[in-house]
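Structure first, then comments.
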Amino acid sequence: MEERRRNSPFVTGRTPISGQPIRGIPLRQPGGAVGAPGSVPGSVPGRVPGAVPGRSPFIRGTESLNRGLRQLSTKPEVTKHAGVKPSLLNTQSVTSSGCNDLDKILEHQGIPLGSSILVEESGTTDFANVLSKVFVSQGIVHNRLDPQISNTHIILLTSNQHWTKELPGVFKGSSRDIKKQRVQENENKLSVQNLITGDSHVARSKDLKIAWRYGLNDQNKAQTQSQGDNNVLYKDYNHQFDITSRLSPGPGTNELTTIQISSNFKSILKNIEHVIMQHQGKVIRLLIPSFLNPSMYPPQLTSSHEALQFAHGLRSLTRKFDKLCIMVTLALDLYPRSSALVKLLESLTDSVIHLEPFNQEMTRFLEKAYHNQPTKVSHGLVHVYKIAHASERGQMKVTVNEYAFKNGRKKFEIEEWGIPVEDEGDDDAKKSMEF
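Our numbering applies: residue 824 is where the sequence shown begins, and numbers increase by one.
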């Protein structure tokens, strides 16, 4: 013992300076903890070797750390889609239904991705078909914003081969607006005449002090138009569609996939999932028009058992694919809302709205009340029974008899409903003036 102390002093439990391990104590390697194999000599538990107090030590796994932070980013890739924006109620991403007024009453300013909406309609009218067509047209317009990138795909479940030929086109404005746009395009073209008159036109507009109010009015209109529907950041989020025009060119196979209605809902669900897998990374719009209509669906599929299984399958698809949104239209004349089937379908759907057209008496009353303003005549009421995500949390998001819709010459509008008052005093005054 005296000879060992003289040659190489050591402390109990530590390796001698000579580097020779003590019998029974393993030699430590660099990088280990104190008291464990592989620790760095002189290291302190809980501290990084070479760290300066008050400063962050250098971490060798910087690349893996940054990769993990990117995965935890709150801005996923779907937010780069021009037709997707955050919801006003939560952080869920939403996309436009194609109808700006419908987006507003859904409170999210659109249809949340990973959800479904059921559009019910009473009577023998087909107003829900207008909403379904603008739903498809909006997806096609989103897909054509960038010719280099395909960001949206539509899946259509129908046996009608001519359904896609009646899709509405984007509203380009009135005939007067179109003429103004053409004149402006001609003025913006590079020509000798425009170069000569360009500066003089600017100077002349500044010197015209008589019509300065018109310039202010134009500026105010431009500001209100930019702030009206959406933020400037989401200028391509939704579009106004002209239901009297047609989308040109029509949708191609790379934009829309039509799935025929077969005799088995299981095969239909497999086909839908197969198409979704082929277009991963895109926003998928699935449309099911005239659901369970006997003229399109075989008798074995219209039973409650088969229909509810299919509804469960659709709900599982929305939970599996977070970029999928579904719209289903249902005629309540065939399946009353008081039936158990419709109640269960509503429970399996995230959002539910009901279109209730006016009867003939109400229509005649409105036409008489607005005989000088026929564009103000509404065609029916819109009831909201469920709102995605909000209704699931127990919030009472039911609005009945508060909104009315009208299918105008150019677009489908939804506005607050108010019963007009028929003023008979005006008629009496006119008669007295005649005498």
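Ideal Cβ positions, reconstructed from N, Cα and C, are used throughout, including at glycine.
Which whole-angstrom value is the C-beta distance of Y1057 and K908, which I expect to be below 8 Å?
Against the sequence shown, residue 1057 aligns to sequence position 234. Against the sequence shown, residue 908 aligns to sequence position 85. Going by Cβ atoms, the distance from Y1057 to K908 rounds to 5 Å, so yes, they are a contact pair.
Just to confirm the assignment: which complete alpha helix (DSSP H) runs, minimum length 4, are found wholly within the stretch 933-1003?
950-966
Does DSSP put K1234 in a helix, in a strand, or in coil?
Here the question's residue 1234 lines up with position 411 in the sequence shown. Three-state DSSP puts K1234 in coil, outside helix and strand.
Please classify H1194: does DSSP put it in a helix, a strand, or coil?
Within the sequence shown, numbered from 1, the residue matching residue 1194 stands at position 371. Coil at H1194, not helix or strand.
What's the C-alpha gap between L980 and Q1196?
For the purposes of this step, residue 980 is identified with residue 157 of the sequence shown, where counting begins at 1. For the purposes of this step, residue 1196 is identified with residue 373 of the sequence shown, where counting begins at 1. Cα to Cα, L980 sits roughly 39 Å from Q1196.
Let me make sure I understand the geometry here. Which of Q915, Q961, S910 has the alpha-carbon closest to that of L1109?
Position 286 of the sequence shown, counted from the first residue, corresponds to residue 1109. Of the candidates Q915, Q961, S910, the one whose C-alpha sits nearest the C-alpha of L1109 is Q961.
Whose C-beta lies closer than 6 Å to the C-beta of F881 among residues of the same chain, with five residues either side of it excluded?
Numbered from its first residue, the sequence shown carries residue 881 at position 58. Below a pLDDT of 50, predicted positions are generally treated as unreliable, and F881, at 47, falls in that range; no measurement from the model is reported.
How do the stretch 1071-1086 and the stretch 915-926 stand: do at least 3 beta-carbon pairs fall below 8 Å, yes or no?
no
Suppose contacts are defined by Cβ-Cβ distances below 8 Å. Is F1144 in contact with F1088 by that definition?
Walking along the sequence shown from the start, residue 1144 turns up at place 321. Walking along the sequence shown from the start, residue 1088 turns up at place 265. Not closer than 8 Å, so no.
Is E1190 buried or exposed, if buried means 16 or more other CB atoms sit within 10 Å of its CB?
Your numbering for residue 1190 matches position 367 in the sequence shown. Label assigned to E1190: exposed.
Within 8 Å, do at least three Cβ pairs link the stretch 934-944 to the stretch 1153-1173?
yes
Run through DSSP, which three-state label would A1211 get?
Locating residue 1211 in the sequence shown gives position 388, where the first residue counts as 1. Of the three classes helix, strand and coil, the one that applies to A1211 here is coil, per DSSP.
Give me the Cβ distance between V1205 and I1176, rounded to the nearest whole Å; I'm assuming they're in contact under 8 Å.
Residue 1205 sits at position 382 when you count from the first residue of the sequence shown. Residue 1176 sits at position 353 when you count from the first residue of the sequence shown. V1205 to I1176, Cβ: 6 Å. Contact.
Between which two residues does the beta strand (DSSP E) holding V1151 run?
Numbered from 1 along the sequence shown, position 328 holds the residue referred to as residue 1151. Segment 1147-1154, the beta strand (DSSP E) holding V1151.
Output yes or no for whether 8 Å exceeds the beta carbon distance between Y1060 and G906.
By 1-based counting over the sequence shown, the position of residue 1060 is 237. By 1-based counting over the sequence shown, the position of residue 906 is 83. Yes; because the gap between Cβ atoms is below 8 Å, this pair is in contact.
Would you mind working out which of Q932, L954, V1106 sits nearest T1141, comparing C-alpha positions?
To locate residue 1141, count along the sequence shown from 1; it is residue 318. Among Q932, L954, V1106, the Cα nearest to that of T1141 is on V1106.
CA-CA distance, S1023 and I963?
To locate residue 1023, count along the sequence shown from 1; it is residue 200. To locate residue 963, count along the sequence shown from 1; it is residue 140. Residue placement at S1023 is flagged as unreliable, the pLDDT there being 48, under the threshold of 50; a coordinate-derived value is accordingly withheld.
Can you look up E1169 in the DSSP assignment and give me helix, strand or coil?
The residue labelled residue 1169 in the question sits at position 346 within the sequence shown. Three-state DSSP puts E1169 in a helix.
Between K1229 and H1202, which are expected to be in contact by the criterion C-beta below 8 Å, what is the C-beta distance as a whole number of angstroms?
As a working note, residue 1229 is residue 406 in the sequence shown. As a working note, residue 1202 is residue 379 in the sequence shown. Going by Cβ atoms, the distance from K1229 to H1202 rounds to 5 Å, so yes, they are a contact pair.
Report the option in K988, S982, G946 whose CA atom is closest to the CA atom of K956.
Counting from 1 along the sequence shown, the entry for residue 956 is found at position 133. Comparing Cα positions, the closest option is K988.
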